[in-house]
Amino acid sequence: MQSLGQIRHSEIFLIARRDNPIARAQLWFTGRLSFRQESFGIRLKKRVEFSPRPVPPNLIAAEKEEAKAVLTLFFKKQGLSNSVSARIINKSEQFIDHLVSRLHSVYKSRYLVGRELTTLEIRDSLNPYLQHLHQEHGDLLSDLVVSFPDQPQTEPRPVPAPLPPPRDPTDDSAADTRKLRAVSRVSELDTEGALRPQTLYLLDLGLNLEQIKTITRKFPAFPYYSLDGKIKPVVEFLLHLGIPKSDIPTILCKRPQICGISLTDNLKPTMAFLETLGIDKNQWAKIISRFPAILTYSRQKLTSTVDFLTQTGLSQEQIGKILTRCPNIMSYSVEDKLRPTMEYFKSLNVNVAVLLHRCPQTFGLSIESNLKPVTEFFLEKGYGIDEIGVMISRYGALYTFSLKENLMPKWDYFQTMDYPKSELVKFPQFFGYSLQERIKPRYELVKRSGVRLLLNQVLSLSGVEFEKVVQKKMMKLVVSDN
Numbered sequence: 001m002q003s004l005g006q007i008r009h010s011e012i013f014l015i016a017r018r019d020n021p022i023a024r025a026q027l028w029f030t031g032r033l034s035f036r037q038e039s040f041g042i043r044l045k046k047r048v049e050f051s052p053r054p055v056p057p058n059l060i061a062a063e064k065e066e067a068k069a070v071l072t073l074f075f076k077k078q079g080l081s082n083s084v085s086a087r088i089i090n091k092s093e094q095f096i097d098h099l100v101s102r103l104h105s106v107y108k109s110r111y112l113v114g115r116e117l118t119t120l121e122i123r124d125s126l127n128p129y130l131q132h133l134h135q136e137h138g139d140l141l142s143d144l145v146v147s148f149p150d151q152p153q154t155e156p157r158p159v160p161a162p163l164p165p166p167r168d169p170t171d172d173s174a175a176d177t178r179k180l181r182a183v184s185r186v187s188e189l190d191t192e193g194a195l196r197p198q199t200l201y202l203l204d205l206g207l208n209l210e211q212i213k214t215i216t217r218k219f220p221a222f223p224y225y226s227l228d229g230k231i232k233p234v235v236e237f238l239l240h241l242g243i244p245k246s247d248i249p250t251i252l253c254k255r256p257q258i259c260g261i262s263l264t265d266n267l268k269p270t271m272a273f274l275e276t277l278g279i280d281k282n283q284w285a286k287i288i289s290r291f292p293a294i295l296t297y298s299r300q301k302l303t304s305t306v307d308f309l310t311q312t313g314l315s316q317e318q319i320g321k322i323l324t325r326c327p328n329i330m331s332y333s334v335e336d337k338l339r340p341t342m343e344y345f346k347s348l349n350v351n352v353a354v355l356l357h358r359c360p361q362t363f364g365l366s367i368e369s370n371l372k373p374v375t376e377f378f379l380e381k382g383y384g385i386d387e388i389g390v391m392i393s394r395y396g397a398l399y400t401f402s403l404k405e406n407l408m409p410k411w412d413y414f415q416t417m418d419y420p421k422s423e424l425v426k427f428p429q430f431f432g433y434s435l436q437e438r439i440k441p442r443y444e445l446v447k448r449s450g451v452r453l454l455l456n457q458v459l460s461l462s463g464v465e466f467e468k469v470v471q472k473k474m475m476k477l478v479v480s481d482n
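Per the UniProt record's numbering, the sequence shown runs over residues 1 to 482.
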């Protein structure tokens, strides 16, 4: 059997003893592991050799945090809860060390020249490997992770109780400890009583200490990033794109992982790729300020979204405009969000390509919580499916409005206006105007003037044009009366 075949020829950074953290951080070991499956277990053979290059302690700490984050997310995708995932990670220190060693093996040439790995490189290297282990070991993977490098327990698993046990408050203790350690690093002082250079640099950018700690709680690897190797080059690149210095704190708070991505290997190639899809390169400052995460997605993620948009009938130019105006559409899952939303609007006879081009943010709404209630609201008011489809096709933002705070009060006022229901099918933009500042004042003026205007004339004209039209209508009435 080919159990853990990918490890068989890998070089491993072995942690010889846990009671010697200095040695663990400073010595570089290489070894070869050979495995064979035996009664659901793994037999391990080790051959340890020395390599002269030391590994900086802060780099090891950062990579371990990244590996834990990847493993935690992997378990959550397999259906495990946060507490169960945290409990497994708490007991998997040797397996985490093994994942770090795998990174050192796969990217050996990078370490030889002193280059740090990016977040994307770590994720792209470990995820396929974890998937391979899951395919071979199935539900035993969590046991393998906990017992590594020994063989996992083979006793039958207990039948789960009908009701889950009360939450153990210590389940997340390991994760909390890591976060606390990382947060304390933010305000750590050196022998001269000064903050770390990373913290001082971030403070100079405009972040305050509490913001940096909040970032660290969300992303514990952040305070371990090298200032000159990761943080500063990315920030200077963003400033060079034209992003104001005042926007940098917001970008880092939204997506601190951006500092862990290589400029030459990831950020710039990703931007070049997106430009080939039609993104306006002169708009990068606005795009990144709105949605910095777009630069942290894998090429596969970006391609899958663009392929979907192409399948809807959008041209490359239209896709480029969508990505420029609404870059966060890249965060939507194709299978879980975009495709189901497309099918829903198709059921309303809506041209999906037109809707995407006019209002792409509609595709980020929940079908059950947002879209269906709006559809049901208009059905209850007597509109047919085809009429609703026309309304959304003419005014893509219609479904983005709050039912309770927008659509309902405006509908109630519309009932007092002297217009048939069909007028809203012709002009659904009615719901986009302010009830108190536009709709009521203008309609009351029309009523006092005794003239009659189409609904779109009442609302869509500028103030000057609206007054001209009303006066012209009034003059016609006077002439007609005479």
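All residues carry an ideal CB built from backbone N, CA and C; glycine is no exception.
Residue i - partner residues in DSSP beta bridges
| i | result |
| --- | --- |
| L195 | L189 |
Beta-carbon proximity of residue i to residue j, cut-off 7 Å
| i | j | result |
| --- | --- | --- |
| P327 | F291 | yes |
| P256 | F222 | yes |
| K281 | E275 | yes |
| I88 | K68 | no |
| I319 | L277 | yes |
| T375 | T400 | no |
| Y332 | L338 | yes |
| S449 | M474 | yes |
| T312 | V352 | yes |
| E387 | V425 | yes |
| L398 | P428 | yes |
| I85 | F75 | The question names Ile, but residue 85 in the sequence shown is Ser. In contact: S85 and F75 (Cβ atoms closer than 7 Å). |
| V350 | F308 | no |
| T119 | I261 | yes |
| R442 | G396 | no |
| G229 | A285 | no |
| I258 | T296 | yes |
| L141 | H134 | yes |
| Y224 | A61 | yes |
Residue environment, residue i, which counts as buried when at least 16 other CB atoms sit within 10 Å
| i | result |
| --- | --- |
| L33 | For L33, the pLDDT reaches just 42, beneath the cut-off of 50, and the residue's location in the model is therefore unreliable, although a value from the coordinates is still provided. Burial call: buried. |
| K476 | exposed |
| T270 | buried |
| P220 | buried |
| V479 | exposed |
| T191 | exposed |
| residue 517 | Nothing can be reported for residue 517: it is not among the residues displayed for the chain, which extend from 1 to 482. |
| L356 | buried |
| R123 | buried |
| S369 | exposed |
| A272 | exposed |
| I215 | buried |
| L189 | exposed |
Residue from the options with nearest C-alpha to residue i
| i | options | result |
| --- | --- | --- |
| residue 484 | I261, S460, K447 and T310 | For residue 484 there is no data in the structure shown, the boundaries of the chain being 1 and 482. |
| K218 | A182, I231 and K230 | A182 |
| L227 | L202, F237 and K213 | L202 |
| V106 | Q457, S142, E121 and E93 | E121 |
| G432 | Y419, N456 and S422 | N456 |
| P409 | K426, I439, T375 and I258 | I439 |
| H98 | K77, Q131, Q198 and E63 | E63 |
| V390 | G364, E405, G193 and S347 | S347 |
| L205 | E188, V235, K230 and L195 | V235 |
| E92 | T72, G463, Y443 and Q78 | The identity of residue 92 in the sequence shown is Ser, whereas the question assumes Glu. When only C-alpha atoms are compared, the closest one is T72. |
| N82 | D176, S187, L103 and I60 | D176 |
| P420 | E437, S402 and L453 | L453 |
| S208 | S101, V458 and S246 | Sequence inspection shows Asn at residue 208; the Ser mentioned does not correspond to that position. Among S101, V458 and S246, the Cα nearest to that of N208 belongs to S246. |
DSSP state of residue i mapped onto helix, strand, coil
| i | result |
| --- | --- |
| F345 | helix |
| T312 | coil |
| K230 | helix |
| A221 | coil |
| L120 | helix |
| P128 | helix |
| D280 | coil |
| A25 | Annotation note: pLDDT 38 at A25 (below 50); position unreliable, coordinate value reported separately. Here A25 sits in helix by DSSP. |
| V478 | helix |
| M391 | helix |
| F430 | helix |
| L59 | helix |
| D418 | coil |
| S92 | coil |
| C259 | helix |
| Q78 | coil |
| K381 | coil |
| N351 | coil |
| R452 | coil |
| N370 | helix |
Heavy atom of the ligand FAD within 6 Å of residue i beta-carbon
| i | result |
| --- | --- |
| L59 | The ligand FAD is not part of the structure shown, which contains no ligands of any sort. |
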